[in-house]
Amino acid sequence: IHNGDRPYECGECGKGFSQSSDLIIHHRSHTGERPHECPSCGRRFQTSSDLIKHQRIHTEERPFCCSKYGKRFLKSFNLLVDDQIHTEERPFHCPDCGKGFKHNSYLVTHWRI
Numbered sequence: 001i002h003n004g005d006r007p008y009e010c011g012e013c014g015k016g017f018s019q020s021s022d023l024i025i026h027h028r029s030h031t032g033e034r035p036h037e038c039p040s041c042g043r044r045f046q047t048s049s050d051l052i053k054h055q056r057i058h059t060e061e062r063p064f065c066c067s068k069y070g071k072r073f074l075k076s077f078n079l080l081v082d083d084q085i086h087t088e089e090r091p092f093h094c095p096d097c098g099k100g101f102k103h104n105s106y107l108v109t110h111w112r113i
């Protein structure tokens with residue numbers, strides 16, 4: 001899987017995949033197929049994992065928990081953003097002056113000034 005081979009090629013656009021399951025999911029982007037339906041609202045999704053993430057809206061499940069304050073989040077990305085708030089981590093650096101920023105959008109704003 002990690003050797004860079006992509007033997008499964010899309011007949012529509014030529015994009016290659018390392019796993020046949022990824023090709024099947026990709027093919028749905030061409031066909032518009034959304035076989036996974038939410039039983040609560042009827043919305044349809046290309047992948048079962050997208051359906052599971054969506055269903056958290058209905059169940060109010062928030063599986064991602066801040067270790068510092070216990071605040072819970074629907075998405076892992078929001079927890080990562082929260083973690084950055086609690087640290088001095090500034091992973092986005094200006095190549096001109098070296099100033100660090102917590103969010104890429106702050107760096108982009110800095111560049112525009």
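Just so we're aligned: 107 in full-length UniProt numbering is position 107 of the sequence shown, and the numbers increase by one with no gaps anywhere. Beta carbons: idealized from backbone N, C-alpha and C, even for Gly. Model, not experiment: these values are computed from the prediction.
Own chain residues within Cβ distance below 8 Å of Glu9, not counting five before or after: Lys15, Gly16, Phe17 and Leu23
Lys53 - containing alpha helix (DSSP H), residue span: Ser48 to Thr59
Inter-residue Cα distance where the pair is Pro95 and Gln19: 38 Å
Delimiting residues of the alpha helix (DSSP H) encompassing Thr87: No alpha helix (DSSP H) contains Thr87, which DSSP labels as neither H nor E.
Contacts around Phe45, its chain only, beta-carbon distance under 6 Å, and the 5 residues preceding and following it disregarded: Arg34, His36 and Leu51
Residue interval of the alpha helix (DSSP H) (run including His27): Ser20 to Thr31
Asn78 to Gly11 span [Cα, whole Å]: 36 Å
Thr34, DSSP secondary structure in three states: The sequence shown places Arg at residue 34, rather than the Thr named in the question. Reduced to three states, the DSSP call for Arg34 is coil.
Integer Cβ distance of Lys99 from His110, believed to fall under 8 Å: 7 Å
Reduced DSSP secondary structure (H/G/I, E/B, other) of His103: coil
Distance between beta carbons of Cys38 and Gln55, contact taken as under 8 Å: 6 Å
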